[in-house]
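Sequential numbering of the sequence shown, starting at 9, is according to full-length UniProt numbering.
Single-structure report; data block below.
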Amino acid sequence: QTIFLRDYEAPHHWVRDVALTFRLAPRTTRVISRITFVPNELNRGDLVLNGEELQLIAATVDGAIVNMEVDDTHLRIASADLPQKPFVFEAEVEISPETNTALEGLYMSNGMYCTQCEAEGFRKITYYPDRPDVMGVFTVRVESDLPVLLSNGNPVERGDGFAVWHDPWPKPAYLFALVAGELVNHPGRFTTASGRDVELNIWVRPGDEDKCAFGMEALRKSMKWDEDTYGREYDLDIFNIVAVDDFNMGAMENKGLNIFNSSCVLASKETSTDANFERIEGIIAHEYFHNWTGNRITCRDWFQLCLKEGLTVYRDQMFSGDMRSHAVKRIEEVLALRARQFREDNGPLAHPVRPESFVEINNFYTATVYEKGAEIIGMLRRLIGDEAYRKGCDLYFERHDGEAVTIEDWLKAFEDATGRDLSQFARWYSQAGTPRLKVSESFAEGRLTLTFAQSTPPTPGQPDKAPQVLPIAVGLIGPNGDEVVETRVLEMTEATQSFTFDGLGARPVASILRDFSAPVILEREMDAATRAFLLAHDTDPFQKWEMGRMLAKDTLVALILEDTPPARDYLDAIRAVLTDDSLDPAFRALVLGLPGEDDLAQTLFDAGVTPDPQKIHDARETLRGSLARHLSDALPTVFRQMETGAFVPDADGSGKRALRLSVLSLLTLLDAGKEAKALFSKADNMTEQAGALAALLAAGLGEEELAAFGQMWRHDRLVMDKWFALQVALAAPARAADVARDLSHHPDFTMKNPNRFRAVFGALPGNHAGFHHAGGAAYALLADQIIALDALNPQTAARMTGAFETWRRYDADRQAMIRAALERIRAKTGLSRDVTEMVTRILGD
Ligand code: ARG
Ligand code: ZN
Numbered sequence: 009q010t011i012f013l014r015d016y017e018a019p020h021h022w023v024r025d026v027a028l029t030f031r032l033a034p035r036t037t038r039v040i041s042r043i044t045f046v047p048n049e050l051n052r053g054d055l056v057l058n059g060e061e062l063q064l065i066a067a068t069v070d071g072a073i074v075n076m077e078v079d080d081t082h083l084r085i086a087s088a089d090l091p092q093k094p095f096v097f098e099a100e101v102e103i104s105p106e107t108n109t110a111l112e113g114l115y116m117s118n119g120m121y122c123t124q125c126e127a128e129g130f131r132k133i134t135y136y137p138d139r140p141d142v143m144g145v146f147t148v149r150v151e152s153d154l155p156v157l158l159s160n161g162n163p164v165e166r167g168d169g170f171a172v173w174h175d176p177w178p179k180p181a182y183l184f185a186l187v188a189g190e191l192v193n194h195p196g197r198f199t200t201a202s203g204r205d206v207e208l209n210i211w212v213r214p215g216d217e218d219k220c221a222f223g224m225e226a227l228r229k230s231m232k233w234d235e236d237t238y239g240r241e242y243d244l245d246i247f248n249i250v251a252v253d254d255f256n257m258g259a260m261e262n263k264g265l266n267i268f269n270s271s272c273v274l275a276s277k278e279t280s281t282d283a284n285f286e287r288i289e290g291i292i293a294h295e296y297f298h299n300w301t302g303n304r305i306t307c308r309d310w311f312q313l314c315l316k317e318g319l320t321v322y323r324d325q326m327f328s329g330d331m332r333s334h335a336v337k338r339i340e341e342v343l344a345l346r347a348r349q350f351r352e353d354n355g356p357l358a359h360p361v362r363p364e365s366f367v368e369i370n371n372f373y374t375a376t377v378y379e380k381g382a383e384i385i386g387m388l389r390r391l392i393g394d395e396a397y398r399k400g401c402d403l404y405f406e407r408h409d410g411e412a413v414t415i416e417d418w419l420k421a422f423e424d425a426t427g428r429d430l431s432q433f434a435r436w437y438s439q440a441g442t443p444r445l446k447v448s449e450s451f452a453e454g455r456l457t458l459t460f461a462q463s464t465p466p467t468p469g470q471p472d473k474a475p476q477v478l479p480i481a482v483g484l485i486g487p488n489g490d491e492v493v494e495t496r497v498l499e500m501t502e503a504t505q506s507f508t509f510d511g512l513g514a515r516p517v518a519s520i521l522r523d524f525s526a527p528v529i530l531e532r533e534m535d536a537a538t539r540a541f542l543l544a545h546d547t548d549p550f551q552k553w554e555m556g557r558m559l560a561k562d563t564l565v566a567l568i569l570e571d572t573p574p575a576r577d578y579l580d581a582i583r584a585v586l587t588d589d590s591l592d593p594a595f596r597a598l599v600l601g602l603p604g605e606d607d608l609a610q611t612l613f614d615a616g617v618t619p620d621p622q623k624i625h626d627a628r629e630t631l632r633g634s635l636a637r638h639l640s641d642a643l644p645t646v647f648r649q650m651e652t653g654a655f656v657p658d659a660d661g662s663g664k665r666a667l668r669l670s671v672l673s674l675l676t677l678l679d680a681g682k683e684a685k686a687l688f689s690k691a692d693n694m695t696e697q698a699g700a701l702a703a704l705l706a707a708g709l710g711e712e713e714l715a716a717f718g719q720m721w722r723h724d725r726l727v728m729d730k731w732f733a734l735q736v737a738l739a740a741p742a743r744a745a746d747v748a749r750d751l752s753h754h755p756d757f758t759m760k761n762p763n764r765f766r767a768v769f770g771a772l773p774g775n776h777a778g779f780h781h782a783g784g785a786a787y788a789l790l791a792d793q794i795i796a797l798d799a800l801n802p803q804t805a806a807r808m809t810g811a812f813e814t815w816r817r818y819d820a821d822r823q824a825m826i827r828a829a830l831e832r833i834r835a836k837t838g839l840s841r842d843v844t845e846m847v848t849r850i851l852g853d
């Protein structure tokens, strides 16, 4: 059953307040609710409550039994049977957290009770209007003998076997949370700008206390940053974070009680890599920032998901840039955007940032809603300027605090704050697909003319596309390498449009789309010499990196298609960057990184060539070998230079380690793994330990080290996820499916833990040549696993089907095998709505 944005209708009843009592028991939890409903004068009708997998014990209206209709998904009371004024609905239901393997609603993880209600999980807890535009004030009583009992808001009362919490801020049900368990806390404090003293806690299982300090610091920095940057203060006396091992996503912004996948909060140098630290800092910030962008101002309906997610991702990106390096962060963002969002936008799952219909909303927590949603905020800011951006945000917060709103409301705040018409800009929310931007240049009499043409290819359901508003940041570099025109933002609104730069002496080289100022594919004719020139001289770090990237891509494509060996100029350009001590090591590491195999497959496909995964893999290995040999004298030197002292997970330390490990990965191709083995055995941190192991595995070495790693960390779930994932990700193509299959029979493998499942079966499609290896063993294996997982956890199963979204790129044999795998999944009786929707969209029928 498809739900459409255009069918939105206000609810028949609003909620004023909610009192819930939970009598916790693994299979027989009782939930007693007392809800004050207020009829909606503007839309009178039946009382419609959602409810799934609930056993109804009793229900009354103002204390009396009334007629009601109850089925698998709803409880309905006819308008005629209801008071036409505020009334109290009371109900008692029974639920079974222990058998809840979908990890949605109230469930158990390692003996601990926890919840995940976004998007539509609250309906598995009790009968309720489970929609974000219905907001209520919650009071929650938790009854259990477990020592720690938590819910949203402020603590009111604590007694023997119970605790009461009250959240004064009206909220939609998706922000409800409850946690109960044997937990220990890492405490902290924060005083807000206006002087509110806030108690902070990170709650973990005993044994994990020593992995909380970094997260706590990230939380305090986030709280300060939101005050300084957006003028947003925290609004309760307490802020709790809980780490949970079994969790479908990264984390959840429940009011005053954020719940995290333990992989996104627990950190120590022994067990977490630099990338883990960076991600943890970003996710803590993200969930905290939701307190204003999501919680105080929420979404009217789930089509508006990007209202809170795009904006909050943008905010966490800026925070991370401020904490670390904007240049490095921006390149990492673009890498992720291209790898995930462009891939989605250019295939059968393409959808607008604000979708117009869905079957299962959980299938729309996508790179498009999140990452492209964030790009839209960045473009808006670039177009109107920093000051106007802040003014618009202030107006939005002031105008809509306490409301459930839409993208139109968001844009209107900026129109009113700036006097600008944003109607064309709004297309970014409704039009799917990645725009292609072609540019041509001419130069005469000191005038450079740049002529741009934009077009967006058709996407499912959207054959015709209109021109978008594109902010194109451009700078000019003179022939001697100096910047002659600083960054200027060209505002393109037409299908084709020219811009001129006057008063130039000699012909400059244009640096176009600086800082990746719009999420488009830039098509520009450019020879290798010009690319190398910009790689050497551009002042914009993103474009500088981009030039190295394009050189690498051209080199790889020539290797794949014509067996052309890498040009000396390219190798020299890379050497120049590698050995340039004036450049940030993190940046040098990014330039040294080669385009991934999936990226190359898409590039070939776009050029009209059917990609051959094995050939792509071999070419990339060949180039790695050429680089290693060409840089052989520099590699050991840089490897030593980048040695860090005591481990500090900051930008400086992680940048050095990133460069050191990129170098090591090449060095390992020359020294039979000597340096990597040495580093593996003496590393005192996970970044270098796992990095050394990865370098060995990528070179077809490291059997012993892999075993030692597994032995050493067998008691640490999060580190063992790395052990599982590395072997699959770095298996030789012909062996990948076998490795994944064998690991699925390992005693420590379990489908019930999403992190572990993803470690194996998320890593498998990540091994491009392995996943697409001739014969299709990996396709069939993944299909089997999706079918099996679907019976336990539809949400995570549906997410895994995305691995097949690129199937149309490949040859007829592979397409037929993937089609068969998808058809087989779809034919499974009892298949969830989640997976059915995904498979149907991917097949495109
Ligand atoms: N709102 C959460 C976040 O962005 C994501 C939760 C999504 N959960 C889900 N089941 N769809 O941090
Ligand atoms: Zn979010």
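Virtual Cβ for every residue (Gly too), placed ideally from N, Cα, C.
- Going by C-alpha positions, Gly264 is about 30 Å away from Leu388.
- Under the three-state reduction of DSSP, Gln470 is assigned to strand.
- Counting along the chain, Trp22 sits inside the beta strand (DSSP E) bounded by residues 21–31.
- Counting along the chain, Met120 sits inside the beta strand (DSSP E) bounded by residues 120–124.
- Distances between the C-beta of Ala181 and the heavy atoms of ligand 1 are all 7 Å or more.
- Residue range 549–570 is occupied by the alpha helix (DSSP H) that includes Trp553.
- DSSP lists Val497 as the bridge partner or partners of Ala481.
- If you ignore the 5 residues before and after Glu531, its C-beta comes within less than 8 Å of the C-beta of Arg444, Leu445, Lys446, Val447, all in its own chain and listed in chain order.
- For His359, no alpha helix (DSSP H) encloses it, and the DSSP letter there is neither H nor E.
- Shown here, Ile73 sits in coil according to DSSP, grouped into three states, outside any helix or strand.
- In summary, Leu830 is buried, with 16 or more beta-carbon neighbours lying within 10 Å of its beta-carbon over all protein chains present.
- Residue side-chain check: Met257 places its Cβ nearer than 7 Å to a non-hydrogen atom of ligand 1.
- By the beta-carbon neighbour count (other beta carbons within 10 angstroms, threshold 16), His625 is buried.
- With a threshold of 16 other beta carbon atoms within 10 Å, Met728 meets it and is buried.
- Looking only at Ala740, Asp245, Glu126, the smallest Cα-Cα distance to Asp205 is reached by Asp245.
- Around the beta carbon of Leu50, fewer than 16 other beta carbons lie within 10 angstroms, which makes this residue exposed.
- Assigned with DSSP and collapsed to three states, Leu543 falls in helix.
- According to the DSSP assignment, Lys179 belongs to the beta strand (DSSP E) that extends over 170–179.
- Residues of the same chain with a CB within less than 7 Å of the CB of Ser333, apart from the 5 flanking positions on each side, are Asp592, Ala594, Ala659 in chain order.
- Proximity to ligand 2 was defined by a C-beta distance below 6 Å to any of its heavy atoms, and the residues meeting it, in sequence along the chain, are His294, His298, Glu317, Thr320.
- In its chain, beyond the 5 residues on either side, Ile339, Trp553 have a beta carbon closer than 6 Å to the beta carbon of Leu598.
- Under a 10 Å Cβ-count criterion, Glu683 is classified as buried, with 16 or more other Cβ atoms of the shown protein chains found around its own Cβ.
- With a threshold of 16 other beta carbon atoms within 10 Å, Ala767 meets it and is buried.
- Distance from the CA of Ala425 to the CA of Tyr238, rounded to the nearest whole angstrom, comes to 16 Å.
- Residue pairing by DSSP puts Asn269 in a beta bridge opposite Val252.
- In this structure, Arg455 lies away from Leu498, with their beta-carbon atoms at least 8 Å apart.
- In the three-state reduction of the DSSP assignment, Asp746 falls in the helix class, which pools H, G and I.
- Looking at the DSSP output, Thr199 bridges to Asp205.
- Rounded to the nearest whole angstrom, the CA to CA distance from Ala27 to Ser276 is 40 Å.
- For Asp89, same chain residues with a beta-carbon under 7 Å away, outside a window of 5 residues either side, are Val74, Asn75 in chain order.
- The residue from Asn801, Ala744, Asn763 with its alpha-carbon nearest to that of Gly778 is Ala744.
- Taking the C-beta atoms as reference points, Ile795 is found no nearer than 8 Å to Lys730.
- Taking C-beta atoms as the reference points, Leu797 and Leu772 fail to come closer than 8 Å.
- Residue range 113–117 is occupied by the beta strand (DSSP E) that includes Met116.
- Annotation for Tyr373 indicates a beta carbon within 7 Å of some heavy atom of ligand 1.
- Collapsing the DSSP output to three states places His294 in a helix.
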